[in-house]
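S.K.: FYI, the numbering for the sequence shown is 233 to 294, going by my numbering. Even for Gly, the Cβ is constructed at its ideal location relative to N, Cα and C. All values derive from a computational prediction rather than experimental measurement.
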Amino acid sequence: MTGQPLKDKLALITGASRGIGRAVALEMSRQGAHVIIVARRVGALEDLDDEIRAGGGSATLV
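1. So what does DSSP say about L258, is it helix, strand or coil?
2. Tell me where the alpha helix (DSSP H) around V294 begins and ends.
3. By Cβ distance, which residues of its chain are closer than 8 angstroms to R285, with the 5 residues on each side in sequence left out?
4. Return helix, strand or coil for A243, following the three-state DSSP convention.
5. Rounded to whole angstroms, what's the CA-CA distance from R262 to A276? Just pull it up for me.
Right, here's the structure in full:
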């Protein structure tokens, strides 16, 4: 697939601060989705948010 197949889509990802959740959040963001990321570790979510935004994506932290 080329471009951003998930452009204009929302993705809700739980457990996003590490592991599979983090990887899914990054990949869905790269594919154009606005990701809503949820986790118990706020600091790790903020780090993920920084990484997503640095790659041109957008996220909402919960």
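M.R.: Working from what's here:
1. helix
2. It is not in any alpha helix (DSSP H) - V294 carries neither H nor E in the DSSP assignment.
3. A291
4. Assigned with DSSP and collapsed to three states, A243 falls in strand.
5. 19 angstroms
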